[in-house]
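Note that our numbering numbers the sequence shown so that position 48 is 48, with each residue one more than the last. Backbone N, C-alpha and C fix where the C-beta goes; we use that ideal spot for every residue, glycine too. The next block holds one structure in the form of C-alpha cells; read it before the comments.
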Amino acid sequence: MNNNHPTTLLPTSLPSKNLNASVLVSALLLFVSLLVPTQPAFSASSYIVTETVEIIEYDLDEPQAQATPATAAYGQYGPFRVISADTVEMTGTVDSYTPALFQQMMKHFPAIKRIEMLDCDGSVDEEANLRLARMIRRAGISTHVPANGSVRSGAVELFLAGVTRTAHRNAEFIVHSWMDEYGRQANDYPANAPVHAEYLDYYTDMGVPSSTAKAFYELTNSVPFSEQLRLSRNDMARFQMVH
Numbered sequence: 001m002n003n004n005h006p007t008t009l010l011p012t013s014l015p016s017k018n019l020n021a022s023v024l025v026s027a028l029l030l031f032v033s034l035l036v037p038t039q040p041a042f043s044a045s046s047y048i049v050t051e052t053v054e055i056i057e058y059d060l061d062e063p064q065a066q067a068t069p070a071t072a073a074y075g076q077y078g079p080f081r082v083i084s085a086d087t088v089e090m091t092g093t094v095d096s097y098t099p100a101l102f103q104q105m106m107k108h109f110p111a112i113k114r115i116e117m118l119d120c121d122g123s124v125d126e127e128a129n130l131r132l133a134r135m136i137r138r139a140g141i142s143t144h145v146p147a148n149g150s151v152r153s154g155a156v157e158l159f160l161a162g163v164t165r166t167a168h169r170n171a172e173f174i175v176h177s178w179m180d181e182y183g184r185q186a187n188d189y190p191a192n193a194p195v196h197a198e199y200l201d202y203y204t205d206m207g208v209p210s211s212t213a214k215a216f217y218e219l220t221n222s223v224p225f226s227e228q229l230r231l232s233r234n235d236m237a238r239f240q241m242v243h
C-alpha cells in the first residue's frame, strides 16, 4: 500500500490578484476613452481669437478760413446773401449785429451795388437799422423789390437808403407805427419830440422832399404797431419814394 499523498499542481497560467487588478483598470480606461471624446490639450474654456486690423490713411486738408455756406453762391452775412460780385439778396431781420456784418461783406465784395429785397420783415434794433441804412447810402448801393417781394416795417427805411429805388408792380410795402423799448409808440411822444425829427431828417437825407416825408411819416404812425397797412408800388411812388 502506497502511503504517499498525491501531489496537487496549481495551474501555472492563472494570474495573480495584482495582475487581475491591472487588467481590470486597463480595460476600464479603454472603455472610458471610447465613450468620452479626446479633448484638446488646452482648457475647455480656452479659445483662439483671430483679429484683422485694417489701416486706413487719410489726407488732411487745411480748413478754409471762411467756409461758404451751401445755400450761398458767394457767402452769407446775416440777412444778406451775395449772389454775384455786385448783387446781394436780402431776407430776414436786421439786428444789432447786422451793420458789422454788412461792413464785413463790403470789405470782401467792394463791387456790390444792388440789394434785392426779397422778404424783409424789419428790425429788432431801430438804431442799428438806421445806421445800416446810412451805410448802404454811403456805399452808393441801389435797392430793388422784385415781383412778390415784401418789405415791412423798418425794412422800408432800408429801401429808402438806395441811391436809386425800384420795385416791381407786385411788390408790397407794409408800414405801421414804431415802438420803442419801453413799449411807447410814435403818438405817445409830443409832436416836437427829438425822436420824430430823427426820422424826418433821415427821409430828407435820403432825398425825399420834406413835405412828402412828413405826410408819409404821419401815415405810418396812424397805424398802431400791432396792425399793418399795406402799400403798393404805386402808393410809394405817390410819396416820391420809388424812382
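Rounded separation between residue i and residue j - CA only
i, j, result
"A167", "G140", "18 Å"
"K214", "A111", "34 Å"
"A161", "I136", "6 Å"
"L132", "M179", "19 Å"
"Q228", "I174", "6 Å"
"L158", "A193", "23 Å"
"D86", "P99", "18 Å"
"H108", "A186", "38 Å"
"Y189", "H144", "33 Å"
"S84", "Y74", "7 Å"
"D61", "S96", "Confidence at D61 is low in this model, with a pLDDT of 38, below 50, so the placement of that residue is unreliable and no value is reported for it."
"A171", "A191", "32 Å"
"D205", "M241", "12 Å"
"Y101", "C120", "With the sequence shown as reference, residue 101 is identified as Leu, and Tyr is not the correct amino acid for it. L101 and C120: Cα-Cα distance of roughly 16 Å."
"F216", "S232", "14 Å"
"N234", "M117", "17 Å"
"Q104", "Y77", "8 Å"
"L219", "Y202", "16 Å"
"A237", "M106", "29 Å"
"S226", "T91", "22 Å"
"E198", "F239", "19 Å"
"S211", "H243", "17 Å"
"H196", "K113", "30 Å"
"L200", "I115", "23 Å"
Reduced DSSP secondary structure (H/G/I, E/B, other) of residue i
i, result
"T164", "coil"
"S232", "strand"
"R238", "helix"
"V156", "helix"
Environment of residue i [buried if 16+ CB atoms lie within 10 Å]
i, result
"N129", "buried"
"S123", "buried"
"N221", "buried"
"R169", "exposed"
"R184", "exposed"
"P79", "buried"
"D182", "The identity of residue 182 in the sequence shown is Tyr, whereas the question assumes Asp. Answer is exposed; the Cβ neighbour count stays below 16."
"E127", "exposed"
"V156", "buried"
"V82", "buried"
"A147", "exposed"
"E89", "buried"
"V94", "buried"
"V208", "buried"
Assumed close pair residue i, residue j - CB separation to whole angstroms, cut-off 8 Å
i, j, result
"S153", "P224", "With 8 Å as the limit, S153 and P224 do not qualify as a contact, their Cβ atoms being about 13 Å apart."
"T164", "S142", "4 Å"
Beta strand (DSSP E) runs wholly inside the region 172–212, at least 3 long, in chain order: 172–175
Runs of alpha helix (DSSP H) wholly within the region 68–147 (minimum 4 residues, chain order): 98–108 and 126–138
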